Amino acid sequence: QKEVEQDPGPLSVPEGAIVSLNCTYSNSAFQYFMWYRQYSRKGPELLMYTYSSGNKEDGRFTAQVDKSSKYISLFIRDSQPSDSATYLCAMSDGNSGGSNYKLTFGKGTLLTVNP
Amino acid sequence: SQTIHQWPATLVQPVGSPLSLECTVEGTSNPNLYWYRQAAGRGLQLLFYSVGIGQISSEVPQNLSASRPQDRQFILSSKKLLLSDSGFYLCAWSVWEVGETQYFGPGTRLLVL
Chain A
1 QKEVEQDPGP LSVPEGAIVS LNCTYSNSAF QYFMWYRQYS RKGPELLMYT YSSGNKEDGR
61 FTAQVDKSSK YISLFIRDSQ PSDSATYLCA MSDGNSGGSN YKLTFGKGTL LTVNP
Chain B
1 SQTIHQWPAT LVQPVGSPLS LECTVEGTSN PNLYWYRQAA GRGLQLLFYS VGIGQISSEV
61 PQNLSASRPQ DRQFILSSKK LLLSDSGFYL CAWSVWEVGE TQYFGPGTRL LVL
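Line order of the protein sequences matches chains A and B. Per the working numbering, the very first residue in the first sequence carries number 1; after that it's consecutive. Per the working numbering, the very first residue in the second sequence carries number 1; after that it's consecutive.
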C-alpha cells in the first residue's frame, strides 16, 4: 500500500461547480497536511495548510482532515477556469527533531474547469 | 517576504554532458533546502535535502549530486547526464517553525537528448 493515494483524474467540471479533491494515507503519525496547486510548467504553490484534524476555510477553498479515517479533502466552491491546475496533497509527521524533514506527496489530481 | 530563484528555466543538454542547476533563497536564514524531480505521471521525487551548509542527504542513488556552499544556495550537479535525467527539477525551502511547509521555486525543465 502506498503511503499517500490520490486519484490522478483527470477531473473536468463546468464553471461554478463545487469540486472535491481527496487523498487517503496510511501513516497515522502524519499531523501536518497541505494542499498545493501547480499550474502547467510552474512550481507548486502552497494553497492550504492544516494541523491535525478539522476544517480550514480560505475564500472559496476549504480543507478538511479526518485523521480517524486517514482522509483529507480540498473543496473548491464556485470553481473558475483559473482553478484549472494539478492539485497535490502533502503531509508530514513534523518529526524535525530527528532527521525527518520530508513531506510525503500524492501524485496530484489534474482539474479542468470549463467556462 | 521570502523568494526562491532557480535557473536556468529551461535547459537542453546532450547525453554525457555535465549539469549545474542553481537555487537561491532570499528573505530567510538557515532554511532547509530540497531538490525534487517531477516526471510526467510519477509525482514529486525527493532527490536531496540539506539542513545546513555542507550538510547533504541523498534520497535516491543516482548520478546526481548536490552541494550547499552558502546558507541560501543549493546546487544540483551531474558529471555525465543520462537520458533518464530528463524532467522538471524543483528546488524548495522550509523552516521548521511553520510546521514543515515547503515552498517551491519556479523549476528548471531539463531535456537530455
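All C-beta atoms in this analysis are idealised placements derived from N, C-alpha and C, irrespective of residue type, glycine included. These figures come from a predicted structure and were not determined experimentally.
- Judged by DSSP in its simplified three-state form, residue 83 of chain B adopts helix.
- By the Cβ test, the segment 80 to 91 of chain B is not in contact with the segment 108 to 115 of chain A, since fewer than three Cβ pairs between them sit closer than 8 Å.
- As a beta-bridge residue in DSSP terms, residue 58 of chain A pairs with A:61.
- Of all residues in the segment 25 to 44 of chain A, those with a C-beta nearer than 9 Å to a C-beta of chain B are 31, 32, 34, 36, 38, 41, 42, 43, 44, reading in chain order.
- No Cβ of chain B is located within less than 8 Å of the beta carbon of residue 11 of chain A.
- Only exposed fits residue 77 of chain A, as fewer than 16 other CB atoms lie within 10 angstroms of its CB.
- Along the segment 42 to 75 of chain B, the beta strand (DSSP E) occurs as fully enclosed runs of 3 or more residues at 43 to 52, 55 to 58, 64 to 70, listed in sequence order.
- For residue 54 of chain A, no Cβ of chain B is located within less than 8 Å of the residue's own Cβ.
- Within the same chain, Cβ atoms closer than 7 Å to the Cβ of residue 107 of chain B are found at 6, 88, 89, 90, the five residues on either side in sequence being excluded.
- Residue 107 of chain A has a beta carbon lying within less than 8 Å of a beta carbon in chain B.
- In the displayed model, residue 7 of chain A falls within coil according to three-state DSSP, outside both helix and strand.
- Listed as beta-bridge partners of residue 85 of chain A by DSSP are A:111.
- In this chain, the beta strand (DSSP E) harbouring residue 51 of chain A covers 45 to 51.
- Along the segment 23 to 38 of chain B, the positions whose C-beta sits under 7 Å from a C-beta of chain A are 32, read in chain order.
- Within the same chain, and ignoring the five residues on either side of residue 44 of chain B in sequence, the residues whose Cβ sits closer than 6 Å to its Cβ are 36, 38.
- Taking a 10 Å sphere around the C-beta of residue 80 of chain A, we find fewer than 16 other C-beta atoms and assign the residue as exposed.
- Contact between residue 21 of chain A and residue 74 of chain A holds, since their C-beta atoms are separated by about 4 Å, short of 8 Å.
- Nearest to residue 29 of chain B by C-alpha distance, out of B:48, B:60, B:94, is B:94.
- Using beta-carbon distances, residue 87 of chain B does not count as an interface residue toward chain A, since no partner is under 8 Å.
- Under the Cβ distance rule, residue 16 of chain A does not count among the residues neighbouring chain B, no pair being separated by less than 8 Å.
- The beta-carbon of residue 103 of chain A is placed less than 8 Å from the nearest beta-carbon of chain B.
- A distance below 7 Å between beta-carbons, with the five flanking residues on each side excluded, links residue 46 of chain A to the following residues of its chain, in chain order: 34, 36.
- Shown here, residue 78 of chain B sits in a strand according to DSSP, grouped into three states.
- In this structure, residue 23 of chain A sits away from residue 3 of chain A, with a CB-CB distance that is not shorter than 8 Å.
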